[in-house]
Ligand SMILES: [Zn+2]
Ligand SMILES: [Zn+2]
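In the working numbering, the protein residues as written are 517 to 713.
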């Protein structure tokens, strides 16, 4: 019984980190691949992301439902696929449940602290959710680190092991990394262009 409980807790924790990793990979792709005029991907994800980099806190002016809608659609698709495959286990439900809060966590990290609901502040203080100070490292720098927006645990590991530069080595030659006005022209960005050439 004890082992079962430990196994459930460990799985739940790993899935919570996995959601953060997936959200980070998606954000990295928005920041790296394609441009605002790319078909479908551009208007749906790159263009709003350019605006977000230029004016990070404008996000709060969008209605929360519209802001979170892509995540809700993704969760429904995952649940639908799992249901069709007869694989609707608790791990899938948990993954989707945490996932529902991924963009909202990002939004909370751009919300002034005094406007945050008390339970959210508590979760940020307990380091269960990422806070604004952590996420600001992405915006303050050249948008090349701290892509994950849910927890404070995944970014330090990925940034330290060079995960994002590794992803760029693989995917930039395939999809390209066009110059964008919202990304600083630093070394890492030139390197992406070099891999794309
Ligand atoms: Zn970004
Ligand atoms: Zn942000």
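Glycine included, every Cβ here is placed at the ideal spot set by N, Cα and C.
Residue i vs residue j beta-carbon contact at 8 angstroms
i	j	result
residue 669	residue 645	no
residue 618	residue 562	no
residue 693	residue 595	no
residue 504	residue 661	Nothing about residue 504 can be reported from this structure: the residues present for the chain run from 517 to 713 only.
residue 696	residue 566	yes
residue 564	residue 558	no
residue 540	residue 663	yes
heavy atom of ligand 1 below 7 angstroms from residue i C-beta
i	result
residue 675	no
residue 536	no
residue 565	yes
residue 650	no
residue 622	no
Counted within 10 angstroms of its Cβ, other Cβ atoms place residue i as buried (16 or more) or exposed
i	result
residue 713	Note that residue 713 has pLDDT 46, beneath the 50 cutoff, so the model's placement of it is unreliable and no number is given.
residue 606	exposed
residue 573	exposed
residue 622	buried
residue 599	exposed
residue 602	exposed
residue 520	exposed
Range covered by the alpha helix (DSSP H) that runs through residue i
i	result
residue 622	618-625
residue 556	Premise fails: residue 556 is in no alpha helix (DSSP H) and is neither H nor E.
residue 517	It is not in any alpha helix (DSSP H) - residue 517 carries neither H nor E in the DSSP assignment.
residue 642	No alpha helix (DSSP H) contains residue 642, which DSSP labels as neither H nor E.
residue 674	670-677
residue 592	580-600
Residue i CB to nearest heavy atom of ligand 2 below 7 angstroms
i	result
residue 568	yes
residue 659	no
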